[in-house]
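For reference, the structure is listed below as structure tokens.
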Amino acid sequence: MPLHQRLVPAVYILFLMLPIYWLLSMSFKTTNEILGGFSLFPQDFTLENYIEIFTDPTWYRGYLNSITYVVINTVISVTVALPAAYAFSRYRFLGDKHLFFWLLTNRMAPPAVFALPFFQLYAAIDLYDTHIAVALAHCLFNIPLAVWILEGFMSGVPKQLDEMAYVDGYSFPRFFVRIFMPAIASGIGVAAFFCFMYSWVEMLLSKTLTSVAAKSIAATMTRTASTAGYELGLLAAAGALTIIPGAIVIYFVRNYIAKGFSLGRV
Amino acid sequence: MINKTIKQSAWFFVIPVILLVAFNALIPLMTVVNYAFQETFGDNVFFWEGLTWFEQVLNSDRFHDAFLRQIMFTSVILLIEVPLGVAIALCMPRKGPWVSVCLVLMALPLLIPWNVVGAMWNIFALPDIGLLGYSLNSMGIDYNFTQQPISAWATTILMDVWHWTSLVVLLAYAGLSAIPEAYYQAARIDGASKWAVFRWIQLPKMKRVLTIAILLRFMDSFMIYTELIVLTGGGPGNSTTLLSIDLVKLALGQFDLGPAAAMSLIYFFIVLLICWVFYTVMMKNEQQ
Amino acid sequence: MAKLTLQDIRHSYLSNPQTDGDFAIKHIDMVFEDGGAYALLGPSGCGKTTLLGIVSGLISPTSGRILFDGEDVTNVDTIHRHIAQVFQFPVIYDTMSVFENLAFPLRNRKVPESAIQSRVVEVAKMLDLEEGIHRRASSVTVDGKQKISLGRGLVREDVNVMMFDEPLTVIDQNMKWELRSKLKELHQNVRTTMIYVTHDQTEALTFADQVLVMYEGRVVQSGTPVELFEKPGHTFVGYFIGSPGMNILPCKVSGETVEFSGLPVECGNQIESMQSLQDSRTTTEIGVRPEYVRFSDQGIPVRIRRVDDLGRHQLVHVEHEQHGIKLICPEDALIPEGSARIQFDKDRTFLYANKWLAGEGSHP
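Residue numbers (our numbering), protein chains in the order written: chain F, 1 to 266; chain Z, 1001 to 1288; chain E, 2001 to 2364.
Below, the structure is given as structure tokens:
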């Protein structure tokens, strides 16, 4: 391969890694060193910031809370999206196209528009400050996305598979779970990946809908940023830790990422 | 393409999705509509205001400015990210052990929580102690994104390019890997230049994924909030106050719920309208 | 147009091939005469697509040379070999019109626009594509698309060889016929050397003057369709060509006679020395086509297993001890029931040693 072709991705990846490096580097510095001036590498290498996060319950609970609602949301989104995507990929019914478009429009709703009404809604039904509130709120954009991705994968499965199963005497639920779902396993993986991703990175709604009991890591970080003054090291360490769950998830789906994108349909 | 059977009872499969999404979409939307057309002084007492708030928002310089800034931001990042993403995807190896390494590293920014992206870039760009800010200043470039609008804009755009170009790369790469080898062989036999291969094979075959990429980038850049509020807070002054930030300032900062709700609806409507136009035009093109 | 010579071609996809099994092309030494219509016939995985790639320059062989009209082109790249190729599925430029598709190879070669105009129209006429020539190519039917890919080869007048890689795979059954005769007609008009790769014997036999049968990386026989049918040079050819294929039966050579399960069988080969066929490393078999087996009063005793009515003739499955034998009888022939005796036509029965036709020519 020509040199310039290897160089372009390499330079791009370097560009991607620089801010991440800087975040990591900051997280290993003491507050004094950070405020003392510029240094490329941590001079006083310290784990102080990480130790604080792992020993202070308000910190590590933030992570646990976030992971909890992300997992709940992923499970809900994929579970309800499966039958719906099946209906869209296999049947025509009254208003199907409009319904599909309406679902997608919710992907276009700016969270900033919904932040305040969401707060009122979930307060009104007594779900404010619970994991389930955030998980449900994130369904707004994750369910349309999951339906969209799954529908693409399901349309790639020939209808003969369904017909064969009926001929063999499978009931619908048994066919769906035993035969159909394994056939689109990679699609389910990709949909789950995207739900996880969007729920994990979204911070405005999660911050709005939690306060103490289910406080998300975003809310914790914002509080640190505003009340604890200029504790950049601590903030950097907290930020660095939020990269880990995403990195683990990407590692597992690395072979499906490119494929999953291409199968989603417009 | 599967030919579908007509079956009205398929609605039952869709009901859970409708219930969940409608719960999250319609009730809050009704709240917004309530506020947009009425005035309230608390206690659930409302007075009909009609289109007053809409007129007020549409006629305000503040909204115009935020809207213009938004259009500028979205255009700039689309103009950078789409060609850049396609170029990088074209340079990626097609197979081999490096493919997964590249993909994993490139996907990393996509999975970082948005407030962390903002915080990361804030730390990275700080003029005195950030790697970017310090390097620029020591090269003699006067750079301070907390003070200078131009620096703030440059940083914002750079952050968005950093955050989202990979999405375009991954989509374009998926489109490219789906092109059968025979097309490239035929092009070699036909004596096509590199440019001709791109123009007549790669670009047409990437059209669908690029449509998705442009739509997603358009929608998400129009909704950008968290990263920006953490990085610049909309400043200095109002220089990086895009629509979302302006909206939240209006609603939560000043508690002007009426105008905020009216603005929400206008905002949502604009996103829908542009997406719809874009979608229709692309589909028309497809059918020709 | 050119005469195409393949000299001692071997190819392996491994970087360091050790045994014969590592080679996709084991050894090929062939001449394709200028203006001939050739078919490369073989099952999938026999190396025919690899061979095409070597001719077109998309693959460079591990060893050996390729000559176009005596000129070594082994290291010449695809574009300068002046070849044309039609792929298994239609490769067209979707966003161009039919006209632009056909003009594309000429435009890339900087041919003046006026010459392009007339040449494209001429080729479109040959292929019945002139109607709707300015439509988008993506809106054309599959067979139309395949014609466009063929047309992109035909517009160029410098083409040395045109190659077809199973071009009818995606075409409807009734259109296959039409395209096949179109192709034959085109060959008669333009007289370019054509190589047609397929695993379908009907396609190969109707298209080509010369058929090359490939098997496990080798050309096991080349000849006219009649030769391949009448005198298969390798048991694989016998099995692969004809429907059903040749009966291949184990046999023993003792002295000057060939015996099938203890009964003497006469063979049509010209064999100089039966002696060489009798060592333990040689497996001998006899092959006879079902067309040349008949019922008779004397000969090999068999039991009748099944009779298939194939319309114009009947296919009879019989069995001698453990060996199944097929024979073809006319549709009105009376088939004996239970047991009977059969005879092989002695001029059409051949002895094979280690799968190759015994005694004629030398084989690896």
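Here a beta-carbon is modelled for each residue, glycine too, at the ideal position from N, C-alpha and C.
None of the values given here were measured: they were computed from a predicted structure.
Contact set for residue i: own chain, Cβ-Cβ below 8 Å, skip 5 residues either direction
{"i": "residue 118(F)", "result": "137, 205, 208, 209"}
{"i": "residue 161(F)", "result": "179, 180, 183"}
{"i": "residue 2230(E)", "result": "2348"}
{"i": "residue 2002(E)", "result": "2034, 2068, 2069, 2160, 2161, 2193"}
{"i": "residue 1184(Z)", "result": "1197, 1201"}
{"i": "residue 228(F)", "result": "Because residue 228(F) sits at a pLDDT of 47, beneath the cut-off of 50, its placement in the model cannot be relied upon, and the following sentence gives the value as read from the coordinates. Within the same chain, residue 228(F) has close Cβ partners 234."}
{"i": "residue 2209(E)", "result": "2036, 2037, 2038, 2224"}
{"i": "residue 1248(Z)", "result": "1225, 1229"}
Within chain Z, partners of residue i - CB distance below 8 Å
{"i": "residue 2108(E)", "result": "1190, 1191, 1192, 1193, 1196"}
{"i": "residue 2084(E)", "result": "1189"}
{"i": "residue 2096(E)", "result": "1200"}
Residue range of the alpha helix (DSSP H) that includes residue i
{"i": "residue 2228(E)", "result": "2225 to 2230"}
{"i": "residue 1065(Z)", "result": "1061 to 1091"}
{"i": "residue 1157(Z)", "result": "1149 to 1177"}
{"i": "residue 154(F)", "result": "131 to 155"}
{"i": "residue 2079(E)", "result": "2078 to 2081"}
{"i": "residue 2175(E)", "result": "2173 to 2190"}
{"i": "residue 2302(E)", "result": "From DSSP, residue 2302(E) is part of no alpha helix (DSSP H) but of the beta strand (DSSP E) over 2300 to 2309."}
{"i": "residue 1225(Z)", "result": "Segment: none, residue 1225(Z) is in no alpha helix (DSSP H) and carries neither H nor E."}
For residue i, the first and last residue of its enclosing beta strand (DSSP E)
{"i": "residue 2137(E)", "result": "Element bounds for residue 2137(E): n/a, residue is neither H nor E."}
{"i": "residue 2320(E)", "result": "2313 to 2320"}
{"i": "residue 1095(Z)", "result": "No beta strand (DSSP E) holds residue 1095(Z); DSSP gives it neither H nor E."}
{"i": "residue 2365(E)", "result": "In the structure as shown, chain E starts at 2001 and stops at 2364, and residue 2365(E) therefore has no counterpart that could be examined."}
{"i": "residue 2250(E)", "result": "2247 to 2250"}
Chain B contact residues for residue i, given Cβ-Cβ distances below 9 Å
{"i": "residue 222(F)", "result": "As a matter of chain content, chain B is missing from the structure shown, whose protein chains are F, Z and E."}
Assigned secondary structure, residue i (DSSP; H/G/I helix, E/B strand, else coil)
{"i": "residue 1199(Z)", "result": "helix"}
{"i": "residue 12(F)", "result": "helix"}
{"i": "residue 38(F)", "result": "coil"}
{"i": "residue 213(F)", "result": "coil"}
{"i": "residue 2285(E)", "result": "strand"}
{"i": "residue 228(F)", "result": "Note on residue 228(F): pLDDT 47, under 50, position unreliable in the model; the coordinate value appears next. The answer is coil: DSSP assigns residue 228(F) none of H, G, I, E or B."}
{"i": "residue 1009(Z)", "result": "helix"}
{"i": "residue 233(F)", "result": "helix"}
{"i": "residue 2070(E)", "result": "coil"}
{"i": "residue 2153(E)", "result": "helix"}
{"i": "residue 2117(E)", "result": "helix"}
{"i": "residue 1056(Z)", "result": "helix"}
{"i": "residue 1031(Z)", "result": "helix"}
Own chain residues within Cβ distance below 7 Å of residue i, not counting five before or after
{"i": "residue 1162(Z)", "result": "1109"}
{"i": "residue 107(F)", "result": "141, 144, 145"}
{"i": "residue 2103(E)", "result": "2116, 2120"}
{"i": "residue 1216(Z)", "result": "1167"}
{"i": "residue 1264(Z)", "result": "1032, 1247"}
{"i": "residue 84(F)", "result": "147"}
Contacts of residue i in chain Z (Cβ-Cβ under 7 Å)
{"i": "residue 2078(E)", "result": "1188, 1189"}
{"i": "residue 2105(E)", "result": "1190, 1191"}
{"i": "residue 118(F)", "result": "1028"}
Chain-ordered neighbours of residue i on chain E, where CB pairs are closer than 8 Å
{"i": "residue 1182(Z)", "result": "2087, 2088, 2089, 2091"}
{"i": "residue 1202(Z)", "result": "Within 8 Å Cβ-Cβ: nothing; residue 1202(Z) doesn't reach chain E, min ~11 Å."}
Within chain F, the residues that residue i reaches when beta carbons sit closer than 7 Å
{"i": "residue 1278(Z)", "result": "Result: empty, since nearest Cβ-Cβ is about 10 Å, beyond 7 Å."}
{"i": "residue 1264(Z)", "result": "113"}
{"i": "residue 1008(Z)", "result": "93, 94"}
Beta-carbon neighbours of residue i, restricted to chain E and to distances below 7 Å
{"i": "residue 1147(Z)", "result": "Within 7 Å Cβ-Cβ: nothing; residue 1147(Z) doesn't reach chain E, min ~49 Å."}
Chain F contact residues for residue i, given Cβ-Cβ distances below 9 Å
{"i": "residue 1267(Z)", "result": "110, 112, 113"}
Beta-carbon proximity list for residue i, same chain, < 6 Å, skipping 5 on both sides
{"i": "residue 2130(E)", "result": "2124"}
Under 9 Å from the C-beta of residue i: neighbouring residues of chain Z
{"i": "residue 8(F)", "result": "1087, 1088, 1090, 1091, 1092"}
{"i": "residue 202(F)", "result": "1113, 1114, 1226"}
Mind listing which residues of the region 2009 to 2027 of chain E have their C-beta closer than 7 Å to chain Z's C-betas, in chain order? Of all residues in the region 2009 to 2027 of chain E, none has a Cβ within less than 7 Å of some Cβ in chain Z.
What residues in the region 2178 to 2210 of chain E bring their beta carbon closer than 7 Å to a beta carbon of chain Z? Across the region 2178 to 2210 of chain E, no CB contact with chain Z closer than 7 Å is found for any residue.
Near-chain Z residues of the region 183 to 196 of chain F (beta-carbon distance less than 9 Å), N- to C-terminal order: For the region 183 to 196 of chain F, which is checked against every Cβ of chain Z, the residues closer than 9 Å are 196.
Any C-beta of chain F within less than 7 Å: which residues of the region 1020 to 1032 of chain Z qualify? Listed by position, the residues of the region 1020 to 1032 of chain Z near chain F (Cβ gap below 7 Å) are 1020, 1021, 1024, 1025, 1027, 1028, 1031, 1032.
Residues of the region 2052 to 2066 of chain E with Cβ closer than 9 Å to any Cβ of chain Z, in chain order: Within the region 2052 to 2066 of chain E, the qualifying residues are 2053, 2056, 2057, 2058.
For the region 2330 to 2341 of chain E, which residues have a CB atom closer than 8 Å to at least one CB atom of chain Z, in sequence order? Correct list: empty, as no residue qualifies.
Give the residues from the region 1218 to 1229 of chain Z that approach chain F closer than 8 Å (Cβ to any Cβ), ordered along the chain. Answer in chain order: 1219, 1222, 1223, 1225, 1226.
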